[in-house]
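Chains as they are written, first to last, in my numbering: chain A, 1 to 554; chain B, 1 to 216.
Heads up, the beta-carbon is just placed ideally off N, CA and C, and yes, glycines get one too.
Okay, structure coming up:
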C-alpha cells in the first residue's frame, strides 16, 4: 500500500488572478477565498467586456469565471474568445464556475475547454483542490506548452510522448494534447490512431470527436459522418459535434443535411455568433430565406457583445432582406449600424453596395446609382471585401449601367475562384437576371482560361520532375489569381518541395511566406493549410532561416 | 406553464448562488483556537455543506425520476487525487479526526469515472462518518474484481443490520437521513457502466463501518 502522497504544495503568493462574475457579493467572496490561499493580486471583472479589457492589459496565472454572466456572452464564450484571440495562453489556468449541470455536457468535447470546472454549490476546500490540481498539471506540461506556443511542434510531441511513456495520471491528458498537436502538424493518420487508442480505453466524447475530425481531414467523410451522427445522438448537447458534422456534410455537398445539423446546434446553444452565421450562410445557399434571415439576424444581435462580429454580417443580413423584398429593413439595419460600418474600408464598401442594392429594389434609381458610383470609387481606392460582396457590387453595377466595372469584378472573382462552382454560378445568375447570360459565360471563360492553363502546365512539369520550371509557372498563376487558395497552395507546395531538394533556391522563401499568410487570410479553415505551414517551418529550419513565425493554436 | 418552469429554474439558480456565498463566507472565517468559537463555526460549516448536499441530491433524484440518470462527464481522473480532495474537505470539517488516504499499489494512476457524481456520493458517506467516527476515518482505493473500489471506513460501531440488509439485497431504502444518501449513492454507482459491467454500492462492517462504491 502507498503511504499518502505528500500533498502538492502550490505557491500562490506571487500568482495573479482574475475573477469574472456579475454578482458583486460573489466576486468579493472569491477574493477573500483567494486571499486565504495566499494570493495578493486579484483583479475583478463584472462583465465579459470588462474581462476582455483586463486580459488584454495583464497576463494572469489564474482566471476564475462564472458561466452565467447575465446579458451577453457566457463564460464559455469569453473563454473561447480569449483563447482564440490568443489573449490567454495555455499556461493560464482557467476555472469555470457553474450552476448549470448542462454545462458539463457542453464541455465534454469542447475544443476550447476550461482546465476544470466547479459545479455550484461548492466550498473553499474543493475550490482550492481544483486550483491546486490545475496548477500542478500546468507545471507538468509547462515545457510542452512552451514548445507548442513557440511553434516547435516536434519538441511538443516529444514532451507528450515522455508524459505518455511515464504512465502517470497525466497519460490521458498527454494523449489528448498530442492529438491536437498532430492535427496542427497535419499528421492526421497518426492522430487517428491515437484517438482510436483512447477510445479503446474508454469511448469518451472528446476522443470520439477527435477521431471523427481526423477522419474528415483524411477525406473519409462518410465514416466521419456516421461517427458524428452516433455521437450527437448520444450527447445531444454536444455543440462541437454539430459544428463538425456540418463541416463533414458540406464537404459532401449535403447542404440540406448541413442546414438541419447547424439548426440543431443553434437550438442547443443559440448564443454562438459563428454558428448562427454558418446557419445563415448554408440556409441562404439552400434558398431558405426565412431560416437565413433568422440566423443572420441572431448573428448580428449576438454580435453586439462579440469580437467575432464582422462588417460582413450586415451584408449578409441586408442581402436576405433585399431578396425577400424588404428593402426598408435592409436600409434600416445598414443605417442603424452606420457608425460601426464606417470604421473600416470594408465596412464602407459594404454600406455603399448594400444600400445601393436596397434602394434599387425600392425603386429609388437615383440614390442607388449614386451609391454604386461611390462603391466603385471605394473599390478603386483599394477597399476590399469577400467574393460575395464583390459579386453584390457587380450586380449593383449591372443594374445601374456600369457594365465594364461589373465585368471587371466578375472576372476578378472568377480568376480567384476558378474551382468554386458556388461563386461561378452566382456570377452567372447575376448576368442572367440582367438579361445577359452569354456575357457571363464569356467573362468567366476569359478570366479563368489562363489560370486554368497555367495550373495544368505547372502540374505537368511537376509530373515530369521539372520542379524549377513548375515553380515559375505556378508563381505566374499566383500573380494572376493572387487570392485563389488552390492556386496559391499549389505554388507554395511546389516551391517548398524545390527548396527542400535544392537549398540554393532559397530566393523563393519570402514569396512563399507571403503567399501562405494570404491563404491563411482567404481560407483560414482550409484542411491543407496546417500541413503547408508545418512544411514551411521545416524548410525554414533546413535553410537556416531564423525567426520562424509564432503560430497560434487553433 | 413555461413561466412556472422559468421561475423554478431561476429560484434554484439563486439558491445555489446563495449556498456558495454562505459556504464561502463560513469558510472565510478563521479559526481562533477556542472551543467556544471554533466548535459552532465547524458545526455551521458542516450544516452549510449538508444543505448543499441535500439540494444536489434532491435535484438529482428529481432528474432520475424524469428520465433516468446518464453520466455526462466520464473522463480519466486520478483516484489518488479524488481521495486527497475528499480528505482535505474532511480534515477541514473536523480537525481532531485522523483522516488517512490509502491507495493500493495495483490501482492504476487513472481511471474513468464521473468525478463530480462520485464525489457527491462519497461526500455523503463522509458526512455520515463525521457524525459516527470516534477518532479515525480511512479513505481507500483498491481494485476489486477488476473494478475501482473507493471505500470510506470509520471506527464507529458499524451500520445497523437493517441498512446492511437493505443495501445487500438491493431493496428500497428509507427516504430520510442515511437512507436517502445511500439511495443516492447506489444510483450513482449503478449509472457507471463499462463493457457490460455495472458499478455497485457495498456496505459492510469490518473494524467499523465501511461504505464502498465500485466503478467498472
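Neighbouring residues, chain B, relative to residue i (Cβ below 8 Å)
{"i": "residue 11 of chain A", "result": "In chain order: nothing, as chain B lies at least about 17 Å away."}
Residue from the options with nearest C-alpha to residue i
{"i": "residue 99 of chain A", "options": "B:125, B:13 and B:172", "result": "B:13"}
{"i": "residue 481 of chain A", "options": "A:447, A:494, A:471 and A:467", "result": "A:447"}
{"i": "residue 444 of chain A", "options": "A:461, A:423, A:462 and A:434", "result": "A:423"}
{"i": "residue 351 of chain A", "options": "A:329, A:367 and A:375", "result": "A:375"}
{"i": "residue 222 of chain A", "options": "A:37, A:293, A:301 and A:247", "result": "A:247"}
{"i": "residue 106 of chain A", "options": "A:88, A:123, A:76 and A:130", "result": "A:76"}
{"i": "residue 230 of chain A", "options": "A:441, A:89, A:205 and A:250", "result": "A:205"}
{"i": "residue 218 of chain A", "options": "A:13, A:521, A:116 and A:187", "result": "A:187"}
{"i": "residue 502 of chain A", "options": "A:380, A:543 and A:484", "result": "A:543"}
{"i": "residue 450 of chain A", "options": "A:121, A:487, A:342 and A:320", "result": "A:487"}
{"i": "residue 166 of chain B", "options": "B:73, B:124 and B:201", "result": "B:201"}
{"i": "residue 206 of chain B", "options": "B:185, B:137 and B:180", "result": "B:137"}
{"i": "residue 54 of chain A", "options": "A:20, A:70, A:461 and A:211", "result": "A:20"}
{"i": "residue 148 of chain B", "options": "B:20, B:111 and B:198", "result": "B:111"}
{"i": "residue 28 of chain B", "options": "A:23, A:26 and A:36", "result": "A:36"}
{"i": "residue 203 of chain B", "options": "B:162, B:101, B:70 and B:44", "result": "B:162"}
{"i": "residue 74 of chain B", "options": "B:93, B:18, B:113 and B:22", "result": "B:113"}
{"i": "residue 215 of chain A", "options": "A:239, A:251 and A:203", "result": "A:251"}
{"i": "residue 38 of chain A", "options": "A:233, A:9, A:287 and A:13", "result": "A:13"}
Within chain B, partners of residue i - CB distance below 9 Å
{"i": "residue 517 of chain A", "result": "Chain B residues near residue 517 of chain A: none, gap ~37 Å exceeds 9 Å."}
{"i": "residue 49 of chain A", "result": "What residue 49 of chain A touches in chain B: nothing, since even the nearest Cβ is about 22 Å away."}
{"i": "residue 104 of chain A", "result": "72, 73, 114 and 116"}
{"i": "residue 23 of chain A", "result": "17 and 21"}
{"i": "residue 108 of chain A", "result": "72, 73, 74 and 75"}
For residue i: DSSP bridge partner residues
{"i": "residue 41 of chain A", "result": "A:16"}
{"i": "residue 63 of chain A", "result": "A:18 and A:94"}
{"i": "residue 214 of chain B", "result": "B:149 and B:200"}
{"i": "residue 205 of chain B", "result": "B:209"}
{"i": "residue 119 of chain A", "result": "A:98"}
{"i": "residue 22 of chain B", "result": "Note: residue 22 of chain B sits in no beta bridge, so no partner."}
{"i": "residue 194 of chain B", "result": "B:197"}
{"i": "residue 501 of chain A", "result": "Residue 501 of chain A is not bridged to any residue."}
{"i": "residue 137 of chain B", "result": "B:99 and B:154"}
{"i": "residue 143 of chain B", "result": "B:148"}
Contact test: residue i Cβ vs the ligand HEM heavy atom, cutoff 8 Å
{"i": "residue 488 of chain A", "result": "This structure lacks the ligand HEM, and indeed carries no ligand of any kind."}
Partner residues on chain A for residue i, Cβ-Cβ distance less than 7 Å
{"i": "residue 75 of chain B", "result": "204"}
{"i": "residue 92 of chain B", "result": "125"}
Contacts of residue i in chain B (Cβ-Cβ under 7 Å)
{"i": "residue 168 of chain A", "result": "109"}
{"i": "residue 133 of chain A", "result": "81"}
{"i": "residue 560 of chain A", "result": "As shown, chain A starts at 1 and ends at 554. That puts residue 560 of chain A outside it, with no answer to give."}
{"i": "residue 36 of chain A", "result": "28"}
Cross-chain neighbours of residue i in chain A, by beta carbon under 9 Å
{"i": "residue 24 of chain B", "result": "26, 29, 30, 32, 33, 122, 123, 124 and 127"}
{"i": "residue 13 of chain B", "result": "68, 99, 100 and 120"}
{"i": "residue 49 of chain B", "result": "121 and 123"}
{"i": "residue 52 of chain B", "result": "120, 121, 122 and 123"}
Closer than 8 Å at the beta carbon, the chain A residues around residue i
{"i": "residue 212 of chain B", "result": "Those within 8 Å of residue 212 of chain B in chain A number zero; the least Cβ separation is about 16 Å."}
{"i": "residue 124 of chain B", "result": "Chain A residues near residue 124 of chain B: none, gap ~14 Å exceeds 8 Å."}
{"i": "residue 88 of chain B", "result": "7, 125, 128 and 129"}
{"i": "residue 194 of chain B", "result": "202"}
Q: Could you name each continuous alpha helix (DSSP H) segment of 4 residues or more that falls completely within the stretch 197–258 of chain A, going from the start of the chain to the end?
A: Restricting attention to alpha helix (DSSP H) runs no shorter than 4 residues, the stretch 197–258 of chain A encloses them at 205–217, 221–234 and 239–251, ordered along the chain.
Q) Taking only runs of the beta strand (DSSP E) that begin and end inside the stretch 55–122 of chain B, which ones reach a length of at least 3 residues, in chain order? A) 74–77, 98–103 and 111–114
Q. Per the contact definition of three or more C-beta pairs closer than 8 Å, is the stretch 24–37 of chain B in contact with the stretch 149–159 of chain B?
A. no
Q.
So, does the stretch 240–253 of chain A touch the stretch 263–283 of chain A, judging by three or more C-beta pairs under 8 Å?
A. yes
Q: Would you check if there are 3 or more beta carbon pairs closer than 8 Å linking the stretch 530–538 of chain A to the stretch 491–504 of chain A?
A: yes
Q | Completely contained alpha helix (DSSP H) runs for the stretch 253–337 of chain A, where each covers 4 or more residues | A | 255–268, 273–285, 289–303, 311–323 and 327–336
Q.
I'd like to know if the stretch 109–120 of chain B and the stretch 43–51 of chain B are in contact, where contact means that at least 3 CB-CB pairs between them fall below 8 Å.
A. No: fewer than three Cβ pairs fall under 8 Å.
Q: Decide yes or no for the touch test of the stretch 169–185 of chain A against the stretch 51–62 of chain B: beta carbon pairs closer than 8 Å, at least 3 of them.
A: no
Q. Taking contact to mean at least 3 C-beta pairs separated by less than 8 Å, is the stretch 47–66 of chain A in contact with the stretch 282–294 of chain A?
A. no
**Q.** Stretch pair the stretch 153–161 of chain A + the stretch 114–127 of chain A: three plus CB contacts closer than 8 Å
**A.** Flag = no, the stretch 153–161 of chain A and the stretch 114–127 of chain A do not touch.
Q.
Assess contact between the stretch 273–283 of chain A and the stretch 294–310 of chain A, defined as three or more Cβ pairs (one per stretch) separated by less than 8 Å. Is contact present?
A. yes
**Q.** Uninterrupted alpha helix (DSSP H) stretches inside the stretch 342–410 of chain A (no shorter than 4 residues)
**A.** 345–362, 365–380 and 387–399
Q.
With a threshold of 8 Å, are at least 3 pairs of Cβ atoms found where one atom belongs to the stretch 190–205 of chain A and the other to the stretch 81–92 of chain A?
A. no
Q | alpha helix (DSSP H) segments (min. 4 residues) lying fully within the stretch 415–442 of chain A | A | Taking only runs of at least 4 residues, the alpha helix (DSSP H) segments lying wholly in the stretch 415–442 of chain A are 421–433.
Q | At least 3 beta-carbon pairs within less than 8 Å: the stretch 427–442 of chain A vs the stretch 404–411 of chain A | A | Output reads yes: the stretch 404–411 of chain A touches the stretch 427–442 of chain A.
Q) Is the stretch 329–341 of chain A close to the stretch 372–389 of chain A, with three or more CB pairs under 8 Å? A) no
(Q) Tell me whether the stretch 60–79 of chain B and the stretch 135–145 of chain A touch, counting them as touching only if at least three CB pairs, one residue from each stretch, are closer than 8 Å. (A) no
Q) Counting Cβ pairs closer than 8 Å, one from the stretch 102–109 of chain B and one from the stretch 125–144 of chain B, do we hit at least three? A) At 8 Å Cβ cutoff, the stretches touch.
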